[in-house]
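Down below is the structure, laid out as structure tokens.
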Amino acid sequence: MSSPMAGSAASSSKDRPASRTSFIPELQSMMFALGDARRPLQETAALVEDVVHTQLITMLQHACEGAALRGSRVISAEDILFLMRRDKRKMGRLLKYLQFRDYKSKLLKSLEDEDPQQEPGSSLAGGNQRRQRLAQDFLVWMDQTGELLSLAERQEVDPVKQERMERMERRTQNMDQAQYTEFCESRQLSFAKKASKFRDWLDCSSLELKPNSIAMEILSYLAYETVAQIVDLSLLIKQEMMAKTDPVSHVISASYIHYNTHEVKKDPDSPEATPPSTPGSSHASKPLLQGNGSVDSRARQRKRKKSCPAAVEPPSGAIQPCHIREAIRRYNYRHTSAYRRTGMAFLAC
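Residue numbers for the sequence shown, in the working numbering: 249 to 597.
Structure, rendered in structure tokens:
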């Protein structure tokens, strides 16, 4: 069964107008910060953009249906929280993100309204916590057991986040100052920092119900988390593919080595040094046939090798589109059963 997520992403890249807002440059920087090569491939970033865009559009459509059932005029945080109720770990991450956003808002407000006579910390203690209260009120209404509500209070280590931090630490150990500066700038990139461009990218103006500001914050967070999970899974696929012996690449490497070692001194009886047989002289060409290939085909292959040596060079360390597609296929196969209505497995919820 092919992945609907990958298929829809591939079709959307063909049907989408070329004038649509693109996040490919930003995605390349995000992917570098998350573990990809220093210069991620543009075709890989384009595929990631299509997957993330398809996921968020589908999520918005589901959230719009939920908002309409509630009789709401806008898509709010409750509609997205309802979609995320199945995965408690990812729900916990979102609740912690909302806590962080509230804390950041209070901190910025306290710096703007700083009073020398004010007691330190009093502004933060009495600040607004609208995101947390909104989420808590909705979870109290939706979850009678209180299990989802307790997710924000848990202090356990998130293994996914921990692995990402350890991977970043390992990468930065061998960086010079310029590389580390570029890495830090890439880490600071997010969809939330380009809110207007992000809204245009999602084409929110065409939606029947528009997401409000908090819903857009959550969507930008989920977009980044989707990119991060794609990179996480693709790195695992890439490592697995490198560990396995590919018989095709082995044959290519062997022929490449043989060609390079015998290029200087040519055997007069080799096919390359022998002129091609004339049409109709089938008896003369029989001793020169090897396998299913003729002298002409082998000569053409040699010429292609001379004119295009990059074809036999090993691929770079960057994530390839095939790694993305295989990662999505496996993830979709394991998680589609929970989303039988659409066949779409959300990567971030």
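Here a beta-carbon is modelled for each residue, glycine too, at the ideal position from N, C-alpha and C.
Same chain only: Cβ atoms within 6 Å of residue i, ignoring 5 sequence neighbours per side
i            : result
arginine 415 : Gly283
proline 569  : Glu291, Thr292, Leu295
arginine 321 : none
alanine 311  : Ile323, Asp327, Ile328
Close-in-space but distant-in-sequence residues of the same chain around residue i (CB under 7 Å, 5 per side omitted)
i                 : result
phenylalanine 386 : Glu326, Leu329
phenylalanine 439 : Phe446, Ser468, Ala471, Tyr472
phenylalanine 271 : Glu297, Trp449
C-beta atoms of residue i and residue j nearer than 8 Å
i              : j              : result
leucine 342    : tyrosine 469   : yes
isoleucine 567 : valine 479     : yes
serine 434     : methionine 339 : no
methionine 307 : leucine 331    : yes
leucine 457    : alanine 316    : yes
isoleucine 485 : glutamate 417  : no
valine 300     : valine 475     : yes
Cβ-Cβ separation, residue j to residue i (assumed contact under 8 Å), whole Å
i             : j             : result
aspartate 350 : arginine 379  : 5 Å
leucine 304   : glutamine 477 : Wrong, their Cβ atoms sit about 14 Å apart, outside the cutoff.
leucine 437   : glutamate 274 : 6 Å
Residue i, buried or exposed, once every other Cβ within 10 Å from all chains shown has been counted against 16
i                 : result
alanine 471       : buried
serine 482        : buried
aspartate 459     : Note on residue identity: the sequence assigns proline, not aspartate, to residue 459. Buried, by the Cβ-count rule.
glutamine 421     : exposed
serine 501        : Confidence at serine 501 is low in this model, with a pLDDT of 46, below 50, so the placement of that residue should be treated as unreliable; the coordinate-derived value is given next. By the neighbour-count rule (16 or more Cβ atoms within 10 Å), serine 501 is not buried but exposed.
phenylalanine 348 : exposed
glutamine 427     : exposed
asparagine 540    : Low per-residue confidence applies at asparagine 540: pLDDT is 47, beneath 50, and the placement is therefore not dependable enough to give any value.
aspartate 424     : exposed
proline 265       : Low local confidence applies: a pLDDT of 49 at proline 265 is under 50, so the model's placement there is unreliable, and no value is given.
cysteine 432      : exposed
threonine 269     : exposed
leucine 346       : buried
alanine 281       : buried
glutamine 276     : buried
threonine 429     : exposed
Same chain only: Cβ atoms within 8 Å of residue i, ignoring 5 sequence neighbours per side
i            : result
glycine 565  : Ala285
arginine 412 : Leu282, Gly283, Ala476, Asp480
arginine 419 : Gly283, Phe431
Any non-hydrogen atom of the ligand PLP within 7 Å of residue i CB
i              : result
tryptophan 389 : No copy of the ligand PLP appears in this structure; indeed no ligand is present at all.
When the Cβ atoms of the region 307–327 are set against those of the region 452–470, are three or more pairs found closer than 8 Å? Yes: the two stretches touch, three or more of their Cβ pairs being nearer than 8 Å.
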